[in-house]
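K.L.:
Before anything else, here's the structure in question.
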Amino acid sequence: METDRKLLLDRRSLLLGSAVLGSAAALGVAAPPRAAAAVPGFPTFQRVGAALDKSALAYNPTGELIFPSVRNVAGRVQNPLGSWYMYYAPHDAPGGICLAYADSLDGPWREYSGNPVISRTWSPHYSVSHVSSPHAVWNAADGRIYLYFHGENTTTRVASSADGRSFTYEGTVLTTAMLPSDVTETSYARVFPHPTKSDTQIMLFMGAQAGTRKIFIGWSNRLTSGWQFKPQPLISPAAGEGGQLSGAHYWSRNGGGHVVYHSGSGSIHVADVGTSFDRENHLGVLYTEPQATRAAAPSFAEEGGRLYMFYEAGQRGNTNIAVARTS
């Protein structure tokens, strides 16, 4: 498509209408425990509560919410419902990409009445058991949100929208056929600006290789096509990481060159990969969930000088979206 040439970026176990949900402080526990010291040079996050009350949601087919993606939409999308949009999804069938909105990262977060905004059947493009793991990218060049999601676990797709609610299907961007034959899953993708190439974006995603889930990387100078993928994993599990990795997020702060991800151990970790993505130095644990025993799929946003981390909390099948922030 013509705009592609101008596009610049401004699993499972690893893993209302409008019921108004309380502020992060109101939803948090009294005097929540502070997380252990973070990796040197990285901030310390403290849990403040759940973003969504699952019992109040109009669309909640499986009782699980995963993979939040939070974006500031004020002055960007057409007729925004609030200053912030958060995309999330169940994982188990039927899945469905959902939207919540708020005027502050502290909430209250409200469920969009039209959920799911993307479902498991989109004729004539696909019909699958589920769609999940949304990741939103705002593209200033054409004023649209590009939303990546998987369904099935072998395929990552993308759709775009001017208002963040009504989407146009843009196609498939990643399948297992694009990786070595022993990679049997390609999902949980997130897309970020390349740290040193202004016309390029990178994609971090989970690939299940010979039974082990690892972090892989791809790159393109367009959001909807032209993706190339490194056949070797970018990050493989190290000692103390539970043997499995997923939910990678590029960390552009601290000079860049770091990836934050969750592991089979239940914690969120950091690795130094360099701005050329040519090394793999495991730095340790960034965050451990103080209540639900598992933290995964982090997404970061900043407001009022504070950095917020939205993430899925809890064991597989009973997850919710939690919020932690710096002091």
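Count along the sequence shown starting at 1, add 2, and that's the number in the numbering used here.
Glycine included, each C-beta is placed from N, C-alpha and C at the ideal position.
Source: prediction; values computed, not measured.
Nearest CA to the CA of Ala-241: which residue from His-271, Arg-255, Ser-222 and Ile-204?
P.N.:
If we check each option's Cα against that of Ala-241, His-271 comes out closest.
K.L.:
Checking the sheet assignment: what are the DSSP bridge partners for Leu-236?
P.N.:
Answer is none; Leu-236 lacks a bridge partner.
K.L.:
Using three-state DSSP, classify Ala-102 as helix, strand or coil.
P.N.:
strand
K.L.:
Mark Glu-304 as exposed unless 16 or more other C-beta atoms lie within 10 angstroms of its C-beta, in which case mark it buried.
P.N.:
exposed
K.L.:
Any beta carbon of chain C sitting closer than 7 Å to that of Val-185?
P.N.:
In the structure shown, chain C cannot be found, because there is only a single protein chain.
K.L.:
Compare the Cα-Cα distances from Ile-99 to each of Gly-153, Gln-48 and Tyr-252 and report the closest residue.
P.N.:
Checking every option, the nearest Cα to that of Ile-99 belongs to Gly-153.
K.L.:
Report the rounded CA-to-CA distance for Asn-223 versus Arg-159, giving the unit in angstroms.
P.N.:
About 17 Å.
K.L.:
Kindly identify the DSSP beta-bridge partner or partners of Ala-288.
P.N.:
The question names Ala, yet the displayed sequence has Leu at residue 288. In the DSSP output, where bridge partners are listed per residue, Leu-288 has none listed.
K.L.:
Are there three or more Cβ pairs, one per stretch, closer than 8 Å when the stretch 114 to 126 is compared with the stretch 160 to 172?
P.N.:
Taking 8 Å as the limit for Cβ pairs, the verdict is that the stretch 160 to 172 does touch the stretch 114 to 126.
K.L.:
Taking 7 Å as the threshold (C-beta atoms), are Tyr-87 and Pro-70 in contact?
P.N.:
Going by C-beta atoms, Pro-70 is not nearer than 7 Å to Tyr-87.
K.L.:
At 3 residues or longer, and completely inside the stretch 249 to 285: list those beta strand (DSSP E) runs for me, N to C.
P.N.:
For secondary structure counted as the beta strand (DSSP E) over 3 or more consecutive residues, the stretch 249 to 285 holds these complete runs in sequence order: 260 to 265 and 270 to 274.
K.L.:
Quick one: using the 10 Å Cβ neighbour count with 16 as the cut-off for buried, is Asn-62 buried or exposed?
P.N.:
Buried, since its Cβ has 16 or more Cβ neighbours within 10 Å.
K.L.:
Which first and last residues belong to the beta strand (DSSP E) in which Pro-70 is found?
P.N.:
68 to 74
K.L.:
Can you list, in chain order, the residues of its chain whose CB lies under 8 Å from that of Val-261, leaving out five sequence neighbours each side?
P.N.:
So the list reads Leu-206, Ile-217, Leu-236, Ile-237, Ala-250, His-251, Tyr-252, Trp-253, Val-272, Ala-273 and Val-275, once near-sequence residues are dropped.
K.L.:
Can the beta-carbon of Arg-78 be found less than 7 Å from the beta-carbon of Ala-138?
P.N.:
No, Cβ-Cβ distance for Arg-78 and Ala-138 is not below 7 Å.
K.L.:
Helix, strand or coil, according to DSSP, for Ala-324 in the structure here?
P.N.:
Annotated three-state conformation of Ala-324 is strand, per DSSP.
K.L.:
Beta strand (DSSP E) containing Trp-229: first to last residue?
P.N.:
Judged by DSSP secondary structure, Trp-229 falls outside any beta strand (DSSP E); it is assigned neither H nor E.
K.L.:
Are three or more beta carbon pairs between the stretch 172 to 181 and the stretch 131 to 147 nearer than 8 Å?
P.N.:
Contact between the stretch 172 to 181 and the stretch 131 to 147 is absent, because fewer than three Cβ pairs lie under 8 Å.
K.L.:
Among residues of its own chain, excluding the 5 on either side of His-196, which ones have a beta-carbon nearer than 7 Å to its beta-carbon?
P.N.:
Cβ-Cβ distances below 7 Å link His-196 to Thr-202, Gln-203, Ile-204 and Trp-221 in the same chain, with the five nearest sequence neighbours on each side left out; the list follows chain order.
K.L.:
Going residue by residue through the stretch 137 to 224, where are the continuous beta strand (DSSP E) segments of at least 3 residues, counting only ones entirely within it?
P.N.:
146 to 152, 157 to 163, 170 to 177, 185 to 195, 203 to 211 and 214 to 222
K.L.:
For Ser-115, does the three-state DSSP call read helix, strand or coil?
P.N.:
coil
K.L.:
For Thr-123, which beta-bridge partners are listed by DSSP?
P.N.:
Ser-129
K.L.:
Taking Arg-215 as the reference, which of Asn-155, Asp-165 and Trp-229 has the closest Cα?
P.N.:
Asn-155
K.L.:
Applying the criterion that 16 or more other CB atoms from any shown protein chain within 10 Å of the CB defines a buried residue, is Gly-266 buried or exposed?
P.N.:
buried
K.L.:
Nearest by alpha-carbon distance to Met-311: which of Gly-319, Pro-300, Arg-318 and Thr-46 is it?
P.N.:
Ranked by how close their Cα comes to the Cα of Met-311, the residues Gly-319, Pro-300, Arg-318 and Thr-46 have Pro-300 in first place.
K.L.:
Using a Cβ-Cβ cutoff of less than 6 Å, which residues in the same chain neighbour Ala-294 once the five nearest sequence positions on both sides are dropped?
P.N.:
Hits under 6 Å: Ala-315 and Gly-316.
K.L.:
Between which residues of its own chain and Trp-140 is the CB-CB distance below 7 Å, once the five residues before and five after are set aside?
P.N.:
Asp-12, Arg-73, Arg-78 and Ile-147
K.L.:
Since Gly-43 and Asn-256 should fall inside the 8 Å C-beta cutoff, what is the C-beta to C-beta distance between them, to a whole number of angstroms?
P.N.:
6 Å
K.L.:
Within 10 Å of its beta-carbon, does Pro-126 have 16 or more other beta-carbons around it, so buried, or fewer, so exposed?
P.N.:
Pro-126 counts as exposed, since fewer than 16 other C-beta atoms from the protein chains shown sit within 10 angstroms of its C-beta.
K.L.:
So, is Arg-308 buried or exposed, given that buried needs 16 or more other C-beta atoms within 10 angstroms?
P.N.:
exposed
K.L.:
How should Thr-178 be labelled, buried or exposed, when 16 other C-beta atoms within 10 angstroms of its C-beta is the threshold for buried?
P.N.:
buried
K.L.:
In this structure, how does DSSP classify Ser-301 when only helix, strand and coil are distinguished?
P.N.:
strand
K.L.:
When the Cα atoms are used, what is the spatial distance from Gln-230 to Val-185?
P.N.:
If you draw a straight line from the Cα of Gln-230 to the Cα of Val-185, it comes to about 15 Å.
K.L.:
State yes or no: is the C-beta of Met-208 within less than 7 Å of the C-beta of Ser-248?
P.N.:
yes
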